[in-house]
Every structure is written in structure tokens, then in C-alpha cells.
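To start, the structure under review is shown below, and the notes come after it.
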Amino acid sequence: MCGIFASVGKSDVSNILVEGLSDLEYRGYDSAGLCLDAQKQKEGFEILKASNSRYPVDVLKKNVNKLSNEYFSGIGHTRWATHGSVNNKNAHPHLSFSNNLSIVHNGIVENYNFLKKLLIRKGIDLKTETDSEVIGNLIDLQISCSEDIPSAIISIFKLIEGNNTIAVMHKNYPGKIFGYSTDDSGGLVVGTNNTNTFLSSDAYALENICDSIYSTKKHDLIVISKNSLEITDLNSQKVDPKKLSIEKIYKEKSLVNYNLKTDFMIEKEIFEQKEILKNLIEKRIINYPKFTFPEIDKNLLLSTKKFIFTGMGSSYNSALFGSLLYEELIEMECKVEFSSELKSKKIINPENTILFAISQSGETADTLEAIRNCRAQGVNVISIIQEKNSKASNNSDSVILLNTGKEMSVAATKTFSSTLLLFNALALNHLNLLNGERDFLESMKNNYHTFSESILDIFTSFDNKFHNASQLMSDSNRVFFIGKNSNYPIAKEGSLKLQEIAQINSNAFTEGELKHGPNALLDRFASVVSIIGPEDDMKKSISSIREIISRGSKVIIITHVESSELNDLSDNVFVISNKDKYAFSILATIVLQKLAFFSCLNLGLDPDRPDNLAKTVTVE
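To convert a position in the sequence shown, counted from 1, into the numbering used here, add 10.
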């Protein structure tokens, strides 16, 4: 879950590297570091690291501006710690035992202990707690046995287990940077412009600075210099990489919020949902009965007998929502799987199955492995992603883009709600292909005519309620979320948001599950968020709420209708004016996002950068 960025150019690259790392910081922000080479005989590598800040790349930028030399090549890294604690010693780049080689690494060396013992037996003193240092020392050791760098890299990776990606520099090869990956889903991304050559963990960091961008594959060996880009395979044969389309992006940088007084990126992304969802409705729903998913073969949808939905984190919650919606409306077999489980499962009747693989980044390691496993068995894979130049895009049969714009905050907001709405739109289109009842299809479409107004109501009508309810949540030792049917995935997402950004102990259950265990945790230190949708049995939900209150816990209610009885039970009742159960679920999501955001601020935390998390999880 780390970010790698490197460049060789005709002028100083230090600030270019910092900007590249800034674009990759969503992959991890425990630490950041640079290794710079002035390419002068008497000058060694200049290494800069930052670990004692939630914004380590900003610290690097300040330190880079103090440098007096010009550096024409360099490698950079943003770290999410997997081996070793968070400190400068374990931050990348790492030097090898000879100090001749510098390495940055993403991945996990699964046979780390064996290789570490091998190096110790050879008398090499390891200076860090990381598995990354082991790779660098092994390559340097191989070079000392008269192998050149390309041969040494290929030889050493025959010993290393796991999906790993590296970039290295060596003092004996000034002006050159070497990249290599054993990732089954693909390797590094490379790019060029008039003055520089680059390699990066993903295309996003290159789109605004390169004229051409290319993806590489597993076992491609990359060599970049200021005038050339060379890619070869394991047999030293030249490889022609796949050229990617470039979309120039306006990149809005988040202000550093050390004092919690400035605007947060997540607040902006929550607010953007009004326009994003409006655009999605206009593109995918309002044009019904026209088929609005040209990315998908209609005949494929009509011939499919089973649907599998998969993802991790928020993407899993949206997969669960999609599975429930599709099973009810399309009336076909649907199942939902965590990608981490699906990646090793045998699929029954794969030739008649579609997999909907959901990943905001398109780089989630477990989801990529699930895609690979299912495709190998003959399943048709449709990925739902935000990033078009991603590994999921390159490894799927079809791709549906969310078109939300880059989501920078770690916690998913606009990508989550967009995925829910997209499943509504897809079900509408699919039902139309199946000649579904016209009146029902029209009513399904009409439910979204006033959707934007409902979102605006949430943003403008609940200020005091958000303040009071979030204070109740942030004062609680634990918070539980309950919901039925399509609102159960929403309850899970609300719980996840609170865990992620407010760091409050939280969990989600179906409403009926409370009496089968969770009730044991109810007391005056707990609060419960109850989501009651348009088709839920209000009387039974009220009975559940009374049981919760009898245990001393406070209740926050999100519902679809004004009720004096609910108002008597809680001072914190949010009424969402939409009578369609699936549209209501999406709107309830936005309420939960706001509650988590304000709970986070109440506790003095940074909602954009929670502890121990990264936006994109690129290791299994």
C-alpha cells in the first residue's frame, strides 16, 4: 500500500518527485522519502525522509527547498507500514550494505524471515525492520558477484515470494533508474515528456505531466534515463507496452488542517454528491427506456443466470446493497463475497455468471486477485471503478466508470453513493431488457426526479440535528447501527465511516439480530443509530427502539416519515422525504457520512487522514 515515483530528467527533479509523491500519498502517509542523485563523481546519494507528521510529503517539500545542489534523477516513496514501526529508520528509500544501491518497494516479501537469515549468514548487517531492505541487499550482493543490475534483479526475484514492485538506483549506473514487478495484475506505469522520463505506481500521478503514458506487465524490466525508456521481458526481449489514454485533471490540493480550522477534503466530497448523483441520474436513469450502459453487452445480461458482487471495505458494502437490489428486482441468483475470500473460491457454473467487481481505485489487491481467479474459471467480469487507467480496468472484460472525479479523502463518500445509484440504474436497464412491467419501471425512474432536492434538504435542514446527534455519538464508548433489508448495508457503511474517521468502536447488525447477542453490550455508554426505510415494519422497529432505550442506550433515528411516536423516543430524528426504499437508502448514506464527519471533528481528529489507513490497499 505504498507509492513509488521516480524520474530522470535534463534539469532538477527534486520538486517533480515531491509533486508525484503528493499525488500518491493516498496509498500511504505513514512516511515519505526521496533518494536524489546529482550524477557527479564526488557526490553521493542525497536521502531525505519524513515520518513524524500526518503530512510527510509537505515536510519533504520544505526540506527539498533547502537543498543547494541540482539533482537530475531520483526515486521517491510514500509508506504505509507493513513491516516495522513508523520512523525514519524504516522509511524508504533504503541503502544497501555497500551504500551503492538505493531501493523503494511496494508489497510484502512473504518469505522475509528466510531471506533475512540468509543475509545474516553472509555477514550482512540489517539496519531496519523492513522486508524492503532485504530485497536491496540481495540485489547488491548479486551485483557483487559480477552480475549487472538487470540480471541481478531477475535472479533475486526468483527467490522472493509474494507480489512485489521495486525501483532502484545504483551509483555505478548514474542517470538510470530500474523498475520491476512480480504483481500478477500488472507492473509499474511509465511516462515521458520533452524533458523527463518517469515511472510510477499508477497513472494518476503522471497524467498532468506526461505526453505519453504506458502500462507494464508482470516481470517487465524497466530502465529509464533522461533520453530513453527501455522495457524488456525475462528473456531480454524488447516489450512494447500498452499505451494509456491521458485525461488532464485539475487537481485540487487539500489544505493542511493542523488546527482543524480549514475546510476538509471529505467535507467537499460529501457536498459534491448533489451534482455527481444528479449527473449520474441524467446519464443513466432519465434516458430510460434507452439502454444507458453501452459498456455492457445486452445479450450477456440476458443470458446470465447468476451474479456475484465483490469488494472490500466500502466497496463490499456497496456490493451487498447491489446483491440485495438485484436479487429482488431481477429475481435471479445473487451472492456477495469479500474479495479476500473470493480470490480462492471455485465458481459453480462460471460460464453463466457475471462478477461485478467494485474498487474505487481499481488497484485493490484482494479484488484484483478475485477478478483473476474468476476470469481464469470463465466468469465474465464487469468492474465498477473510478480510475480508468487502473489494473482492474486492464484485467476485466468490461468496465463501468463512476465518473465522480478523484476521491482524495481516505473514507469513501461520493464513490460509495455513486455505486449504489449505479446499481439502481443498471437494474432499471436490465429490467427493461427483460420486458419488466412498464408502470413499475416508470415509477422507479420517477423516484429520482427530485433526488437532488432531497440531498439539498439534508445539507440545509439538519444543522442542529447533526450537531446534537454527532455529540451523542462522540460521547459514546461504542455505537451500533441497525437496519433491515437494503438498509443493512447502509448500517454497515455508517459503522465503517465512524470507525474510519472518528475512530469510535462501532458495529452494524440487522435489526432482528440485536436480541441474539448485541443487546449484551447496550448500556448508558452506548448509542444506537436505527435506519427505518419506507417498506420496513414501523411498529416492529419502534419495539426494537424501546428495547434499546430500556437498556439505557440513546437512539438516533433516520426514517422516511414524520412520527410523533419516534419524536417521543428520541431528540435526534432525521426525516428523509423519499418514499422509494432504494433511493431512501442512498440518501440515508449521506446523513451517516455527515454524522461521522462531525463526530470526528468533535474529537479533534483529522477526517481526511485517519490513523493506520490508506486510501488504496495494494497488498493482500
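For glycine and all other residues, C-beta sits at the position ideal for the given N, C-alpha and C.
These numbers come from a predicted model, not from an experiment.
| Check | Outcome |
| --- | --- |
| Taking the alpha-carbon positions, what's the Ile57 to Asn622 distance? | 25 angstroms |
| In angstroms, rounded to a whole number, what distance separates the CA positions of Asp22 and Leu44? | 13 angstroms |
| Give every residue of the same chain whose Cβ lies closer than 6 angstroms to the Cβ of Ser112, excluding the five residues on either side of it in the sequence, and list them in chain order. | Cys45, Phe55, Pro103, Leu105 and Met179 |
| Whole alpha helix (DSSP H) runs in the segment 71 to 156 with 4 or more residues, listed along the chain? | 122 to 131 and 142 to 153 |
| Can you tell me whether DSSP reads Glu510 as helix, strand or coil? | helix |
| With the cut-off set at 9 angstroms, would you say Tyr73 and Ala60 are in Cβ contact? | According to the sequence as given, residue 73 is Asn; it is not Tyr. The answer is yes: Cβ separation under 9 angstroms. |
| If you run the structure through DSSP and keep just helix, strand and coil, what is Lys253? | strand |
| Pull up the distance between the alpha-carbon of Glu510 and that of Lys284, whole angstroms please. | 23 angstroms |
| Pick out the complete alpha helix (DSSP H) segments inside the segment 303 to 347, 4 residues or longer, and give them in chain order. | 308 to 313 and 324 to 340 |
| Can you give the beta carbon distance from Gln49 to Pro184, rounded, assuming they're within the 8 angstroms contact cut? | 4 angstroms |
| Excluding the 5 residues preceding and the 5 following Cys220 in the sequence, name in chain order all residues of the same chain whose CB lies nearer than 8 angstroms to its CB. | Gly201, Thr202, Asn203, Phe208 and Ile256 |
| Touching or not, the segment 242 to 257 and the segment 274 to 281, by the rule of three or more beta carbon pairs under 8 angstroms? | no |
| Three-state secondary structure (DSSP) at Lys475? | helix |
| Measure the Cβ-Cβ separation of Leu129 and Leu151 and say whether it is below 9 angstroms. | yes |
| Kindly list the residues whose CB is nearer than 8 angstroms to the CB of Ser400, restricted to its own chain and excluding five residues on each side of it in sequence; keep chain order. | Asp212, Ala213, Ser369, Ser371, Gly372 and Glu373 |
| Distance check for Ser333 and Lys20, CA to CA, integer angstroms please. | 53 angstroms |
| Would you say Ala501 faces chain B, with C-beta separation under 9 angstroms as the test? | In the displayed structure, chain B is absent; only one protein chain is listed. |
| Please go through the segment 425 to 484 and give each complete alpha helix (DSSP H) segment of 4 or more residues, from N-terminal end onward. | 448 to 456, 461 to 471 and 473 to 484 |
| At which residues does the beta strand (DSSP E) containing Lys293 begin and terminate? | Looking at the DSSP string, Lys293 is not in any beta strand (DSSP E); the run it does join, the alpha helix (DSSP H), is Met275 to Arg294. |
| How far does the beta strand (DSSP E) with Ile223 in it reach, from first residue to last? | Ser222 to Ser225 |
| Measure the C-alpha to C-alpha separation of Ile286 and Thr520 and round it to an integer number of angstroms. | 30 angstroms |
| Can you look up Asp376 in the DSSP assignment and give me helix, strand or coil? | helix |
| Going by Cα to Cα distance, which pick from Phe15, Leu430 and Asn121 is closest to Ile295? | Leu430 |
| Out of Asp68, Phe319, Ala380 and Asn457, state which residue places its alpha-carbon closest to the alpha-carbon of Ile596. | Asn457 |
| Could you give the DSSP three-state label for Cys12: helix, strand or coil? | coil |
| Take every Cβ of the segment 517 to 536, pair it with every Cβ of the segment 477 to 492, and state whether three or more of those distances are shorter than 8 angstroms. | yes |
| Which stretch, first to last residue, makes up the alpha helix (DSSP H) that contains Asn237? | Unbroken run through Asn237: none, as it is neither H nor E. |
| Would you kindly work out how many angstroms separate the C-alpha atoms of Val391 and Thr626, rounded to a whole number? | 21 angstroms |
| Judging by CA-CA distance, which residue of Asn237, Glu503, Glu292 and Ala479 is the nearest neighbour of Tyr326? | Glu503 |
| Which same chain residues end up closer than 6 angstroms to Glu35 when comparing Cβ atoms and leaving out the 5 residues on each side of it in sequence? | Val67 and Thr88 |
| By a C-beta neighbour count over all protein chains shown, 10 Å radius and 16 as the cutoff for buried, is Ile358 buried or exposed? | exposed |
| Taking 9 angstroms as the cut-off, decide whether the C-beta atoms of Gly543 and Asn612 are in contact. | no |
| Quickly, what does DSSP pair Thr414 with across the bridge? List them, please. | According to DSSP, Thr414 bridges with nothing at all. |
| So what does Ala518 bridge to, in DSSP terms? | Phe491 |
| Can you list, in chain order, the residues of its chain whose CB lies under 6 angstroms from that of Ser516, leaving out five sequence neighbours each side? | Val489, Ser505, Leu508 and Gln509 |
| Enumerate in chain order the residues of its own chain whose CB-to-CB distance from Asn269 is below 7 angstroms, with the five nearest sequence positions on each side excluded. | Note that Asn269 scores 42 on pLDDT, short of 50, meaning its location in the model is unreliable and no value can be drawn from it. |
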